[in-house]
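Worksheet: the structure to be examined is printed underneath.
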Amino acid sequence: MLSLDALLLNLSYALLVAAVLAPRTSRLRLLVALAALAGLVRALLWTHDLVTAAWTGLLLATCLLRLGRNLYSSRFIRFTPEEQRMLDSMVAGLSQNRARHLIDEFNHLKTDMAAGAGAVSGALRVGCAPSLGEVLFPPLAERYARDFPNVQLQFVTDLALALQNLIRADRLDIAIVSFPDRDPDFLLSRLTSEQLYLISAPAIAPRFGEECTIAAVSRLPLLLPGFPSRERLGYERLAAIKGHMLSCRMESDSLPVLKSLALNGLGHLLLPHVAVANDRPASRWVVSRIKGLMIQRYIMRRTDRPMRELGEGMIRAIKQQVQALIQSGAVR
1268 MLSLDALLLN LSYALLVAAV LAPRTSRLRL LVALAALAGL VRALLWTHDL VTAAWTGLLL
1328 ATCLLRLGRN LYSSRFIRFT PEEQRMLDSM VAGLSQNRAR HLIDEFNHLK TDMAAGAGAV
1388 SGALRVGCAP SLGEVLFPPL AERYARDFPN VQLQFVTDLA LALQNLIRAD RLDIAIVSFP
1448 DRDPDFLLSR LTSEQLYLIS APAIAPRFGE ECTIAAVSRL PLLLPGFPSR ERLGYERLAA
1508 IKGHMLSCRM ESDSLPVLKS LALNGLGHLL LPHVAVANDR PASRWVVSRI KGLMIQRYIM
1568 RRTDRPMREL GEGMIRAIKQ QVQALIQSGA VR
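Residue numbers (this note's numbering): 1268 to 1599.
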């Protein structure tokens, strides 16, 4: 039976755990973590109180997890010179995550005020994989600008993991990703299903014809994105489901580098067709559809960021432009 003093002590630890789960500064969490560490050492080495040790261990783990999450997400937070000057003059001392949140809320407020005045304006940030962005973004920007001429657009091309982190850090409003994380912080809507192709330089192209199997592809030296990219993990998983392993000769997260390696005859590409749809001349590549291997692309945004008119307009424009690419044969 615990004494009243022990019950009060454990209750205080429970309240501390609940407080740490709420938004706090990193400095406060660090101090609480140090206090919890001291309490854990005392409970284990001196008092031998296992109940107190359990509570302090839980408190310490909670603090470290929140600190680690904030530290990881802050790697992707950047400020413009104007934003940094505003932070230094008005709200110095905030964590990067909190400062980024305040800046974005301020920008959203400016957008809403402009919209209320009758002119839809502001900024919108959109990201997708390099394999799609080169073909999608130019006509998408033209289509969107017709309806929203006063909106400043920022386009980002990167792999799925980086795009997800930018969405999570509120540095992107909308992303188009394949092989997304199933995270409750993300709202996903499926955009396309696309075949994967074996893409080779003519000098080393195997004589597969229009279609080949993953068994045949697995015997070839491939040029692939590096681990731990979502694309690489996704390709490996699709092959494993068919009972095969991919043979990777060289890795790069840069699509232009992968294409250059392939053109030099150093290996074969595993990509959706849209990745080479704009390449000229078309005869520079030999493509073969891989039977039964498909990827899905999703439109991703944060669940806690409701779409305003700018965002809804962009999602409509993305869907319309992707349909146009499907009809033209660029997306297959």
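Ideal Cβ placement from N, Cα and C applies to all residues, glycine included.
Fair warning: this is a prediction, and the values are worked out from it, not measured in the lab.
Taken in chain order, the whole alpha helix (DSSP H) runs of length 4 or more contained in the segment 1466-1539 are 1481-1484, 1497-1508, 1522-1530.
Between residue 1461 and residue 1598, the gap from beta carbon to beta carbon is short of 8 Å.
The three-state secondary structure of residue 1424, taken from DSSP, is strand. Residue 1390 and residue 1418 have their C-alpha atoms spaced approximately 5 Å apart. Minimum Cα-Cα distance from residue 1426 among the listed residues 1479, 1497, 1558 corresponds to 1497. Residue state for residue 1547 is assigned as coil, using DSSP reduced to three classes. Per DSSP, the beta-bridge partners of residue 1390 are 1419. The beta carbon of residue 1588 sits closer than 7 Å to the beta carbons of 1403, 1406, 1407, 1410 from its chain, once the five residues preceding and following it are set aside; these are given in chain order. Residue 1489 and residue 1575 have their C-alpha atoms spaced approximately 43 Å apart. The beta-bridge partner set that DSSP reports for residue 1455 consists of 1567.
Considering only 1472, 1423, 1520, the residue with the shortest C-alpha distance to residue 1492 is 1520. Taking a contact as a CB-CB distance under 8 Å, the pair residue 1478 and residue 1555 counts as one, their CB atoms being some 6 Å apart. Residue 1446 and residue 1563 have their C-alpha atoms some 7 Å from each other. Here residue 1556 is bridged, per DSSP, to 1464, 1478.
Distance from the Cα of residue 1585 is smallest, within the candidate group 1400, 1470, 1481, 1319, for 1400. For residue 1535 against residue 1544, the beta-carbon gap comes to about 18 Å, at or over 8 Å, which does not count as contact. Shown here, residue 1597 sits in coil according to DSSP, grouped into three states, outside any helix or strand. Counting along the chain, residue 1408 sits inside the alpha helix (DSSP H) bounded by residues 1397-1414.
In the DSSP assignment, residue 1444 falls within the beta strand (DSSP E) that extends over 1441-1445.
Here the alpha carbon of residue 1501 sits roughly 44 Å from the alpha carbon of residue 1308.
Of 1459, 1568, 1324, 1434, the smallest CA-CA separation from residue 1539 is found for 1459.
A straight line joining the alpha-carbon of residue 1549 with that of residue 1590 spans about 22 Å.
Between the segment 1565-1584 and the segment 1439-1456 there are three or more inter-stretch CB-CB distances shorter than 8 Å, so the stretches are counted as touching. No Cβ-Cβ contact shorter than 8 Å links residue 1422 with residue 1580. If you ignore the 5 residues before and after residue 1470, its C-beta comes within less than 6 Å of the C-beta of 1532, all in its own chain and listed in chain order.
Beyond the five residues adjoining it in sequence on each side, residue 1472 comes within less than 7 Å, by CB distance, of 1553 in the same chain, given in chain order. Cβ-Cβ separation between residue 1517 and residue 1485: approximately 16 Å, too far for a contact (criterion under 8 Å).
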